[in-house]
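For the sequence shown, counting from 1, position 88 maps to 268 in our numbering; every step adds exactly one. Glycine included, every Cβ here is placed at the ideal spot set by N, Cα and C. Notes follow the structure.
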Amino acid sequence: MRRFRHLVIAALAGALLGAALALATDLPQRNAPSAAAPPHHTATGFRNNYLNVDPSGFWRWQWERWTTGVPALPEGGWQFPRDVPDAAFLRANRSETTVTWIGHATLLLQVAGVNILTDPVWSERASPLPFAGPKRWVPPALPLAELPHIDVVLISHNHYDHLDEATVMALAGQAGGPPRFYVPLGVDAWFAARELPVHATMDWWQRGSDGPLDIHFVPAQHWSARALWDRNQTLWGGFVVEAQDFRFIYTGDTGYSQDFRDIAARFGRFDLAAIPIGSYAPRWFMGPQHVDPEEAVAIHRDLAARHSLGVHWGTFVLTDEPLDEPPVRLRAAAAAAGLPADAFWVFRHGETRRLGSAAPLARAADGR
């Protein structure tokens, strides 16, 4: 029975890859980089600053799952405590800085009167197929219809658990007009194929201005693909959002690297860092592309963050660790590192935290 289950999983994986091939009609057109191009631009796409990720171990990983099994689901499936957000407050709020965990890597950040979503995914599966692929175990904390008007959407990269077509299309059709989409280089082609506007297409270290905010795109150690033939054709990364008295970073998916010390050197301390804590097993394969909880604590320290928030866990089963393990390991790692008990937060799905007005932080040395 176990082998039959894994045979089904392997077949579904093949179906997903085939579907991705069929759907990959919106690849960006790439030219050879000029002599002055940044080092992460190559003739064949993009690369990381410090360590390139080789996703070719995927089939070895699937073979290991076939031969050794995967962690069993708990009886009744994965269940987590949930908060019901105060939708009326969130819709009316224009003064308080708040953060709400919608689920997985999706946050609603309200700062300086601007409503921001990170990597919005409301679909039931993180997949190109509605009937196969990673299933959502916890519904989004708020229905799309109950969100405040979304002003800005930050897309970190093009993987299906971060760039969700149904959600993007729904947000583009929201009452009052579409959000302003900030996307990495190359991802604008995906939007253009759907006749959707992009506000800014960004390379690493580029800055955009959005009313009272500065929005920067920063490096991460990861990769991109939505099909078999488009690996690393589009860029990936994280976002820094700066207001007058608040600095936030969403790292996006990432392995642990020198990039975070580089970011801290440019920006100084952060009031809040959203750092992934899940999708890390097995380490031989996931290590270069997804941090584990111990490495998330290291990123928190590299960024000199006042507070961090663990994301990218508890929603989709993407890898081999139990879905409820990341917070347990995170708390142990934070304690072992001597962090204050309230330094690295783990939210319930739907939890909102009102952040208040923090003391102004020093701006980056170059004035950004």
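Asked: To which residues of the same chain is proline 553 closer than 6 angstroms at the C-beta, ignoring the five residues directly before and after it?; Found: The requested residue 553 is not part of the displayed model; the chain covers only 181 to 548.
Asked: Label histidine 329 either buried or exposed according to how many other C-beta atoms from any shown protein chain fall within 10 Å of its C-beta, with 16 as the threshold for buried.; Found: exposed
Asked: Just verifying my parser: in three-state terms, what is the DSSP assignment at proline 440?; Found: Note on identity: in this sequence residue 440 is phenylalanine, with proline being the wrong assignment. Here phenylalanine 440 sits in helix by DSSP.
Asked: Roughly how many angstroms lie between the CA atoms of threonine 222 and isoleucine 296, to the nearest whole one?; Found: 32 angstroms
Asked: Using a 10 Å radius around the Cβ and a threshold of 16 neighbouring Cβ atoms, would you call methionine 575 buried or exposed?; Found: This structure does not reach residue 575, given that the chain is present from 181 up to 548, and the question cannot be answered.
Asked: Which whole-angstrom value describes the C-beta separation of alanine 533 and threonine 278, a residue pair presumed to lie in contact below a C-beta threshold of 8 angstroms?; Found: Reading off the sequence shown, one finds arginine at residue 533, where the question assumed alanine. Correct: roughly 7 angstroms between the Cβ atoms.
Asked: What are the boundary residues of the beta strand (DSSP E) that includes isoleucine 282?; Found: 278-283
Asked: With a threshold of 16 other CB atoms inside 10 Å of the CB of tryptophan 493, please say whether the residue is buried or exposed.; Found: buried
Asked: Output yes or no for whether 8 angstroms exceeds the beta carbon distance between valine 333 and proline 300.; Found: yes
Asked: Looking only at its own chain, which residues have a Cβ that is under 7 angstroms from the Cβ of aspartate 368, when we skip the five neighbours before and after it?; Found: Val378 and Thr381
Asked: What does DSSP give as the partner residue(s) for histidine 529 in the beta ladder?; Found: Arg262
Asked: DSSP three-state call for glycine 391: helix, strand or coil?; Found: coil
Asked: What residues match up with asparagine 311 in a beta bridge as DSSP calls it?; Found: Note that residue 311 is phenylalanine in the sequence shown here, rather than asparagine. Its beta-bridge partners do not exist; DSSP assigns none.
Asked: If you reduce the DSSP assignment to three classes, tell me which class glutamate 422 lands in.; Found: strand
Asked: Compare the Cα-Cα distances from alanine 292 to each of Glu501, Val421 and Phe361 and report the closest residue.; Found: Val421
Asked: With 16 as the cutoff for other CB atoms within 10 Å, does alanine 202 come out buried or exposed?; Found: Confidence at alanine 202 is low in this model, with a pLDDT of 39, below 50, so the placement of that residue is unreliable and no value is reported for it.
Asked: Can you give me the C-alpha to C-alpha distance between serine 275 and tyrosine 430, rounded to a whole angstrom?; Found: 21 angstroms
Asked: Roughly how many angstroms lie between the CA atoms of threonine 247 and aspartate 500, to the nearest whole one?; Found: 14 angstroms
Asked: With a threshold of 6 angstroms on Cβ separation, who are the neighbours of glycine 388 within its own chain once the five nearest residues in sequence on each side are excluded?; Found: Ala380 and Ile395
Asked: Can you tell me where the alpha helix (DSSP H) with proline 473 in it begins and where it stops?; Found: 473-482
Asked: Does the segment 358-374 come close enough to the segment 414-428 to have 3 or more Cβ pairs within less than 8 angstroms?; Found: yes
Asked: With distances taken from CA atoms, which of His487, Trp317, Gly356 and Asp383 is nearest aspartate 451?; Found: His487
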